[in-house]
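Participant:
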Amino acid sequence: MSIDHDVRSPHESIIELDESLRLEEFSEPVAAPSTTLPRLALAEEPEEPPKVVVGISRDDVLTIAGAAVSGLSVGVVLSLVLGVVPVGWMFFVSYLWFVAIYTTLVFLRDRGPAVRDRFWTVMLSSAGVVVVATLGLVIGFTLLSGQEVFAQAFDPSSGQAIWERFHFLTLDMGGVGPLAALKDGGILHAIVGTLIQIGVALAITVPLGITTALFLAEVRGKFARFVRTIVEAMTALPSVVAGLFIYAAIIVGITHEFNGFAASLAITVLMLPIMIRSSDVVLRLVPGNLREAGLALGASQWSVVWRVVLPTVRSGLTTAIILATAHGIGETAPVLLTAGVTSNLNINPFSGPMTSLPLAALEFVKNSQNTMKARGFATAAVLLVLVLVLFLIARKIGGQEPGKLTPVQRAKLGQRSRATAARMARNSQRAAADRTISPPGGEPAPAHAEPDPHPQSPSQQSTGDKI
Numbered sequence: 001m002s003i004d005h006d007v008r009s010p011h012e013s014i015i016e017l018d019e020s021l022r023l024e025e026f027s028e029p030v031a032a033p034s035t036t037l038p039r040l041a042l043a044e045e046p047e048e049p050p051k052v053v054v055g056i057s058r059d060d061v062l063t064i065a066g067a068a069v070s071g072l073s074v075g076v077v078l079s080l081v082l083g084v085v086p087v088g089w090m091f092f093v094s095y096l097w098f099v100a101i102y103t104t105l106v107f108l109r110d111r112g113p114a115v116r117d118r119f120w121t122v123m124l125s126s127a128g129v130v131v132v133a134t135l136g137l138v139i140g141f142t143l144l145s146g147q148e149v150f151a152q153a154f155d156p157s158s159g160q161a162i163w164e165r166f167h168f169l170t171l172d173m174g175g176v177g178p179l180a181a182l183k184d185g186g187i188l189h190a191i192v193g194t195l196i197q198i199g200v201a202l203a204i205t206v207p208l209g210i211t212t213a214l215f216l217a218e219v220r221g222k223f224a225r226f227v228r229t230i231v232e233a234m235t236a237l238p239s240v241v242a243g244l245f246i247y248a249a250i251i252v253g254i255t256h257e258f259n260g261f262a263a264s265l266a267i268t269v270l271m272l273p274i275m276i277r278s279s280d281v282v283l284r285l286v287p288g289n290l291r292e293a294g295l296a297l298g299a300s301q302w303s304v305v306w307r308v309v310l311p312t313v314r315s316g317l318t319t320a321i322i323l324a325t326a327h328g329i330g331e332t333a334p335v336l337l338t339a340g341v342t343s344n345l346n347i348n349p350f351s352g353p354m355t356s357l358p359l360a361a362l363e364f365v366k367n368s369q370n371t372m373k374a375r376g377f378a379t380a381a382v383l384l385v386l387v388l389v390l391f392l393i394a395r396k397i398g399g400q401e402p403g404k405l406t407p408v409q410r411a412k413l414g415q416r417s418r419a420t421a422a423r424m425a426r427n428s429q430r431a432a433a434d435r436t437i438s439p440p441g442g443e444p445a446p447a448h449a450e451p452d453p454h455p456q457s458p459s460q461q462s463t464g465d466k467i
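Residue numbers for the sequence shown follow full-length UniProt numbering, so the first one is 1 and each next one is one higher.
Have a look at this one:
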């Protein structure tokens, strides 16, 4: 058996391999070169989140100003030029056009949620502006109508002293007729009567209202629910009904004459439910953990109420007193039925008629003389100022914010802190003195120690210690 060994050189093998590759290259057609781009899937565009309107930008101010000017212009044109809208309705039509133009401008710039947000913001802001404007118109009209009376007080050419110019506040109408000049007479009797009537009413309303509110808030039960229902029903009691009740019960039955105390009772009937409701709402807002903390320290329920609950709601109770006072100080119907009308000063609430500021303003305005009408509007302006002064005093006593102390309270707290610091300093001095006179590691030596008549030697002391 023979084996055929085909021996080839490396050069011959390379030549054969090259020829085989050439045959394969020309046997198959070669495609033309081209570039293939990868297909990328386009991501969906994320939806824009709704815009949240925070604050007022310059664009908002310009948009509101432009819409307001445009709406007012349209209202003026429709009212004066075309005669389509009466002049009295001009502002209402202008406001409607303002809202429409503003909404359109916002819609062209923003999307749906932002448009709705800005629309309702403008509507709510407009409601606040309407309330403030209405109050301003009432105050302005009252001051302008009574400016003749106040002009004399600020006229330096009259040659009178400053206190003599304010005769409208320092004189009464005793002996002054409707044809008298404005420099004659004043409303001192009405101011004093109002203060006396409201003072007596507050003396009855405040303690009774706060104690009733404490009963409703702290004591639960069927009777408390019954009392709350009665109080809520009394809130809608007409003032004429309260005046007729006091007139029949006090004037017809007891005094047989008009007097200021009967008017105070009628005002109390109207102030009491408002005082109770407002105080009850405030007392319910006190956190329960404050009461629980006081009870956990061993205090009684009424001690917690006196030392924890009432100081916490001091500002709220002051606001309740303000609301009740503002409601009672402007009542006219019950005062007209119970207090009577007088032109002279009366400081005795139990005898004789006593005029209040609302009743005096009503009597002045009912007169046909312009001077008396001016006195009536000036009286109403004084009533507004009186309510404002009472409000400021109450806010000053109650504090501007919850937890903010008044100057008197800060002074008392500082005095108490200084007393505590002085007491602690004295205790520290006593402790330091005791440590100074005490031997190290032993009991303090007596201040006046008698010398030992039989001293012992050290050896005897050690022997005694051993024994």
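Even for Gly, the Cβ is constructed at its ideal location relative to N, Cα and C. As the structure is a prediction and not an experimental result, all values here were calculated from the model.
Could I get the ranges of all uninterrupted alpha helix (DSSP H) runs contained in the segment 268-294, with 4 residues as the minimum, in chain order?
Facilitator: Complete alpha helix (DSSP H) runs here, min 4: none at all.
Participant: Taking Cβ to Cβ, would you say Leu244 is nearer than 9 Å to Leu336?
Facilitator: The residue labelled residue 244 in the question sits at position 244 within the sequence shown. The residue labelled residue 336 in the question sits at position 336 within the sequence shown. No, Cβ-Cβ distance for Leu244 and Leu336 is not below 9 Å.
Participant: Identify whether Gly146 lies in helix, strand or coil by the three-state DSSP scheme.
Facilitator: Against the sequence shown, residue 146 aligns to sequence position 146. The answer is coil: DSSP assigns Gly146 none of H, G, I, E or B.
Participant: Can you check the segment 298-325 for any alpha helix (DSSP H) of at least 4 residues that lies completely inside it and give the ranges in chain order?
Facilitator: Runs found: 301-304.
Participant: Measure the Cβ-Cβ separation of Ala190 and Leu357 and say whether it is below 9 Å.
Facilitator: Within the sequence shown, the letter at position 190 stands for residue 190. Within the sequence shown, the letter at position 357 stands for residue 357. Cβ distance < 9 Å, so Ala190 and Leu357 count as in contact.
Participant: Closer than 6 Å by C-beta to Thr142: which residues in its own chain qualify, once you throw out the five before and the five after it? Chain order, please.
Facilitator: The residue you call residue 142 lines up with position 142 of the sequence shown. Same-chain partners within the cutoff: Phe377, Ala380, Ala381.
Participant: If we count the other Cβ atoms within 10 Å of its Cβ and call it buried at 16 or more, is Ser351 buried or exposed?
Facilitator: By one-based count along the sequence shown, residue 351 stands at place 351. When all chains shown are included, Ser351 counts as exposed.
Participant: How many angstroms separate the CA atom of Gln301 from the CA atom of Leu295?
Facilitator: Against the sequence shown, residue 301 aligns to sequence position 301. Against the sequence shown, residue 295 aligns to sequence position 295. The alpha-carbon atoms of Gln301 and Leu295 are separated by roughly 7 Å.
Participant: Taking the Cβ atom as the reference point for each residue, do Ile196 and Ser264 lie within a distance shorter than 9 Å?
Facilitator: Along the sequence shown, read from residue 1 onward, the residue named residue 196 stands at position 196. Along the sequence shown, read from residue 1 onward, the residue named residue 264 stands at position 264. Result yes, Cβ atoms of Ile196 and Ser264 sit closer than 9 Å.
Participant: Answer yes or no: do Glu232 and Pro273 have a C-beta to C-beta separation smaller than 9 Å?
Facilitator: The sequence position of residue 232 within the sequence shown is 232, counting from 1. The sequence position of residue 273 within the sequence shown is 273, counting from 1. Cβ distance < 9 Å, so Glu232 and Pro273 count as in contact.
Participant: How about the segment 202-222 and the segment 249-258: do they share at least three Cβ pairs that are nearer than 8 Å?
Facilitator: Flag = no, the segment 202-222 and the segment 249-258 do not touch.
Participant: Is Val282 near Ala293, with beta carbons less than 9 Å apart?
Facilitator: One-based indexing of the sequence shown puts residue 282 at position 282. One-based indexing of the sequence shown puts residue 293 at position 293. No, the pair does not count as a contact, with Cβ atoms beyond the cut-off.
Participant: If I measure Cβ to Cβ from Ala242 and keep anything under 7 Å in the same chain, skipping five residues before and after, which residues do I get?
Facilitator: Numbered from 1 along the sequence shown, position 242 holds the residue referred to as residue 242. Ala266, Val269, Leu270, Pro334, listed in sequence order.
Participant: For Ala381, decide whether its Cβ has a neighbour in chain C, counting only Cβ atoms nearer than 9 Å.
Facilitator: Within the model displayed, chain C is absent; a lone protein chain is all it includes.
Participant: For Gly260 and Thr342, I'd like the C-alpha separation in whole angstroms.
Facilitator: Start at 1 with the first residue of the sequence shown, and residue 260 comes out as number 260. Start at 1 with the first residue of the sequence shown, and residue 342 comes out as number 342. Roughly 11 Å separates the two Cα atoms.
Participant: Which residues in the same chain as Ser94 place their Cβ atom closer than 7 Å to its Cβ, once the five residues preceding and following it in sequence are excluded?
Facilitator: Along the sequence shown, read from residue 1 onward, the residue named residue 94 stands at position 94. The residues are Gly71, Leu72, Val74, Gly75.
Participant: Using the Cα positions of residue 472 and Thr121, report the straight-line distance between them to the nearest angstrom.
Facilitator: Residue 472 cannot be examined here, being either before or after the span of the chain that is shown, 1 to 467.
Participant: Could you check the C-alpha separation between Lys222 and Ser303 for me, to the nearest Å?
Facilitator: In the sequence shown, residue 222 corresponds to position 222, counting from 1. In the sequence shown, residue 303 corresponds to position 303, counting from 1. Their Cα atoms are separated by approximately 24 Å.
Participant: Distance check for Gln429 and Ala326, CA to CA, integer angstroms please.
Facilitator: Taking the first residue of the sequence shown as position 1, residue 326 is located at position 326. Taking the first residue of the sequence shown as position 1, residue 429 is located at position 429. Roughly 56 Å separates the two Cα atoms.
Participant: Throw me the rounded Cβ distance for the Met275 and Ala320 pair, which I believe falls under 8 Å.
Facilitator: Position 275 of the sequence shown holds residue 275. Position 320 of the sequence shown holds residue 320. At roughly 6 Å, the Cβ-Cβ gap stays under 8 Å, so Met275 and Ala320 are in contact.
Participant: Less than 8 Å between the CB atoms is what I'm expecting for Ile198 and Gly328, so what's the real figure, rounded?
Facilitator: By 1-based counting over the sequence shown, the position of residue 198 is 198. By 1-based counting over the sequence shown, the position of residue 328 is 328. Right, the Cβ-Cβ distance comes to about 6 Å (below 8 Å), so this counts as a contact.
Participant: By DSSP, does Asp434 sit in helix, in strand, or in coil?
Facilitator: In the sequence shown, counting from the first residue as 1, residue 434 sits at position 434. Helix at Asp434.
Participant: Using beta-carbon positions only, say whether Gly193 and Leu169 come within less than 9 Å of one another.
Facilitator: In the sequence shown, the residue the question calls residue 193 occupies position 193. In the sequence shown, the residue the question calls residue 169 occupies position 169. Not a contact, by the Cβ cut-off of 9 Å.
Participant: Please work out which residues of its chain come closer than 8 Å, Cβ to Cβ, to Phe391, disregarding the five sequence neighbours upstream and downstream, and give them in chain order.
Facilitator: Mapped onto the sequence shown, residue 391 falls at position 391. The answer, listed in chain order, is Ile322, Ala326.
Participant: Within the same chain, show all residues whose beta-carbon is closer than 6 Å to that of Met354, passing over the 5 residues directly before and after it, in chain order.
Facilitator: Translated into the one-based positions of the sequence shown, residue 354 becomes position 354. Correct list, in chain order: Gly193, Gly260, Ala339, Asn346.
Participant: According to the neighbour-count rule (16 or more other Cβ atoms, all chains shown, within 10 Å of its Cβ), is Ser278 buried or exposed?
Facilitator: Here residue 278 is taken as the residue at index 278 of the sequence shown, counted from 1. Classification of Ser278: buried, given that the 10 Å Cβ count is 16 or more.
Participant: Thr63 to Ser126, Cα distance in whole Å?
Facilitator: The residue labelled residue 63 in the question sits at position 63 within the sequence shown. The residue labelled residue 126 in the question sits at position 126 within the sequence shown. Spanning the two alpha carbons is a distance of roughly 15 Å.
Participant: On the criterion of 16 or more Cβ atoms from any shown chain inside 10 Å, does Ile393 qualify as buried, or is it exposed?
Facilitator: Start at 1 with the first residue of the sequence shown, and residue 393 comes out as number 393. The residue in question, Ile393, is exposed, as its Cβ has fewer than 16 Cβ neighbours within 10 Å.
Participant: Do Ala133 and Thr371 have their beta-carbon atoms positioned less than 9 Å apart in this structure?
Facilitator: In the sequence shown, counting from the first residue as 1, residue 371 sits at position 371. In the sequence shown, counting from the first residue as 1, residue 133 sits at position 133. Taking 9 Å as the Cβ cut-off, Thr371 and Ala133 do not qualify as a contacting pair.
Participant: Might you give, ordered along the chain, the residues of its own chain that have their beta carbon closer than 7 Å to the beta carbon of Thr332, omitting 5 neighbours on each side?
Facilitator: Against the sequence shown, residue 332 aligns to sequence position 332. Contacts found: Pro358, Leu359, Leu362.
Participant: Let's test the definition: count the other Cβ atoms within 10 Å of the Cβ of Ala324 and tell me whether it reaches 16, buried, or not, exposed.
Facilitator: Stepping through the sequence shown from its first residue, residue 324 is reached at position 324. By the neighbour-count rule (16 or more Cβ atoms within 10 Å), Ala324 is buried.
Participant: Can you tell me which of the three DSSP states His256 falls into?
Facilitator: The residue you call residue 256 lines up with position 256 of the sequence shown. In this structure, His256 counts as coil in the three-state DSSP scheme.
Participant: How far does the alpha helix (DSSP H) with Phe92 in it extend, from its first residue to its last?
Facilitator: Numbered from 1 along the sequence shown, position 92 holds the residue referred to as residue 92. Run containing Phe92: 90-109, per the alpha helix (DSSP H) assignment.
Participant: What are the uninterrupted segments assigned as alpha helix (DSSP H) that are 4 or more residues long and contained completely in the segment 338-407, given in chain order?
Facilitator: Listed in chain order, the complete alpha helix (DSSP H) runs (minimum 4 residues) inside the segment 338-407 are 357-366, 370-398.
Participant: Note down, in chain order, each residue of its chain lying with its Cβ closer than 7 Å to the Cβ of Leu216, except the 5 sequence neighbours on either side.
Facilitator: Numbered from 1 along the sequence shown, position 216 holds the residue referred to as residue 216. Excluding positions up to five away in sequence, the list reads Ala224, Val227, Arg228, Asp280.
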